[in-house]
Amino acid sequence: LAASLARVKPSATIAVTDKARALKAALRQAHEAGVDYRRAQKAFFAKFDTALDQMLTGPRYLENEQLADVLAGEIRMLEETGFVVHGFAILPNHAHLVLHLPARSRLSFAPALDLLHQRTEQLCRRLVRPKLPPEAPFWQVGWFDYPVADAAELTRILAYVRAQAPRAGLAARFQAWPYFFNAQ
Numbered sequence: 049l050a051a052s053l054a055r056v057k058p059s060a061t062i063a064v065t066d067k068a069r070a071l072k073a074a075l076r077q078a079h080e081a082g083v084d085y086r087r088a089q090k091a092f093f094a095k096f097d098t099a100l101d102q103m104l105t106g107p108r109y110l111e112n113e114q115l116a117d118v119l120a121g122e123i124r125m126l127e128e129t130g131f132v133v134h135g136f137a138i139l140p141n142h143a144h145l146v147l148h149l150p151a152r153s154r155l156s157f158a159p160a161l162d163l164l165h166q167r168t169e170q171l172c173r174r175l176v177r178p179k180l181p182p183e184a185p186f187w188q189v190g191w192f193d194y195p196v197a198d199a200a201e202l203t204r205i206l207a208y209v210r211a212q213a214p215r216a217g218l219a220a221r222f223q224a225w226p227y228f229f230n231a232q
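Residues in the sequence shown are numbered consecutively from 49, following my numbering.
Here it is in structure tokens:
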């Protein structure tokens, strides 16, 4: 979500946004230096996701059941466009999606995800309009994508996504957490 890493206590905001910038710089340097980019990418994601999971800053719009339902519905509709939705978890301030776009698809991955961003932003914005200034974006710009190497890695990633609710402090509600889907 927009501002997930940019609100609340100034000291927490500075620390989190500085950390995000430092992580991105380290990832860029690793790529330029020819270091194992995949390993650097995984390390970046783990640290960035930990910062999001702490929910120290930013809005928690997806705690609203209507918004989470809208996003879950749009994610499931991706299957109608040709994506395979392996799993997802919707948390109060961000979401995890595990998607596959088969080679036979006529879609392009990035434009399809941009469309998901646009559609969910329009639908969710109507529900949170009283809480958002008109110029405020609903989603943070961009996303983190990570190519899955094989079936074993897919299993590990889905386990990671499944663990998101308890890791984010929602463990007491985990069994009833409706914003998780695992196709396996």
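We treat Cβ as the ideally placed atom computed from N, Cα and C, and that holds for glycine. All values reported here derive from a predicted model rather than from experimental measurement.
Original post:
Can you give the Cα-Cα distance for residue 93 and residue 192, rounded to whole angstroms?
Top reply: Residue 93 and residue 192 have their C-alpha atoms spaced approximately 8 Å apart.
Original post:
Among residues of its own chain, excluding the 5 on either side of residue 120, which ones have a beta-carbon nearer than 7 Å to its beta-carbon?
Top reply: Excluding positions up to five away in sequence, the list reads 138 and 227.
Original post:
Hey, how far is the Cα of residue 125 from the Cα of residue 91?
Top reply: Approximately 31 Å, taken between the alpha carbons.
Original post:
What are the boundary residues of the alpha helix (DSSP H) that includes residue 121?
Top reply: Residues 113–125.
**OP:** May I ask you to list the residues that DSSP assigns as paired with residue 147?
**Re:** In the DSSP output, where bridge partners are listed per residue, residue 147 has 133.
Subject >> Rounded straight-line distance, which links the Cα of residue 195 to that of residue 150 >> reply: Taking the straight line joining both Cα atoms gives about 13 Å.
Original post:
According to the neighbour-count rule (16 or more other Cβ atoms, all chains shown, within 10 Å of its Cβ), is residue 135 buried or exposed?
Top reply: Residue 135 counts as buried, since no fewer than 16 other beta carbons sit within 10 angstroms of its beta carbon.
Original post:
residue 91 lies in the alpha helix (DSSP H); which residues open and close that run?
Top reply: 85–101 is the span of the alpha helix (DSSP H), which, as asked, contains residue 91.
**OP:** Taking the CB atoms as reference points, tell me whether residue 127 and residue 118 lie closer together than 8 Å.
**Re:** Contact flag unset, no.
Subject >> Cβ-Cβ distance between residue 213 and residue 101 below 8 Å >> reply: Contact annotation: residue 213 and residue 101 have beta-carbon atoms that are not nearer than 8 Å.
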